[in-house]
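K.L.:
Here you go, one structure.
Numbering (UniProt numbering), first residue to last: 1 to 132.
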């Protein structure tokens, strides 16, 4: 396929098994998953106790680490001065993203999502070494 990058093995420049590379950094699974830009806004319902908020936020942090380890959560940012998140997520398709990834977040009942499916851009310079 024209315009796609391919992973190369460490001993030469031949593509390995013709599997398109992604910007992913985790394991073999990242080669077969699509990337999605996801904007997340979390609104805590009025009257929710601080203990409940704290419990869910702690559980959210644990789940985010699990999803990152599984190759679903690639990057996550918070715009300066805003109470929302922007992230790059991976899943086999958008249905899996909603049901088996985003749907498993402890804060999900309080979240709204804007999901944009992504595809490689022919001018993408690729991952930057040492990028934070």
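Where is the CB? At the ideal position from N, CA and C, for every residue including glycine.
Using only the alpha-carbon positions, how far apart do residue 50 and residue 44 sit?
P.N.:
As a position in the chain shown, residue 50 is number 50, starting the count at 1. As a position in the chain shown, residue 44 is number 44, starting the count at 1. Using only the alpha carbons, I get a separation of about 10 Å.
K.L.:
What is the DSSP secondary structure of residue 66, counted as helix, strand or coil?
P.N.:
Translated into the one-based positions of the chain shown, residue 66 becomes position 66. Shown here, residue 66 sits in a helix according to DSSP, grouped into three states.
K.L.:
How big is the Cα-Cα spacing for residue 60 and residue 102?
P.N.:
For the purposes of this step, residue 60 is identified with residue 60 of the chain shown, where counting begins at 1. For the purposes of this step, residue 102 is identified with residue 102 of the chain shown, where counting begins at 1. Between residue 60 and residue 102, the C-alpha separation is close to 11 Å.
K.L.:
Can you list, in chain order, the residues of its chain with a C-beta nearer than 8 Å to that of residue 82? Leave out the 5 residues immediately preceding and following it.
P.N.:
Taking the chain shown and counting its residues from 1, the one referred to as residue 82 is at position 82. So the list is empty, once near-sequence residues are dropped.
K.L.:
If you compare alpha carbons, which of 75, 120, 123 and 110 is closest to residue 48?
P.N.:
Start at 1 with the first residue of the chain shown, and residue 48 comes out as number 48. With distances taken between Cα atoms, residue 48 lies closest to 110.
K.L.:
Jot down the residue ranges of each uninterrupted alpha helix (DSSP H) in the UniProt domain "Muconolactone isomerase" (35-124), minimum 4 residues, whole runs only, in chain order.
P.N.:
50-69
K.L.:
Which one of 38, 65 and 69 has the shortest CA to CA distance from residue 113?
P.N.:
Here residue 113 is taken as the residue at index 113 of the chain shown, counted from 1. Residue 113 has its Cα closest to that of 38, out of 38, 65 and 69.
K.L.:
Have a look at residue 72 and residue 85 and give me their C-alpha separation to the nearest angstrom.
P.N.:
Reading the chain shown from its first residue, position 72 is the one you call residue 72. Reading the chain shown from its first residue, position 85 is the one you call residue 85. About 15 Å.
K.L.:
Report the option in 70, 32 and 107 whose CA atom is closest to the CA atom of residue 55.
P.N.:
In the chain shown, residue 55 corresponds to position 55, counting from 1. Checking every option, the nearest Cα to that of residue 55 belongs to 107.
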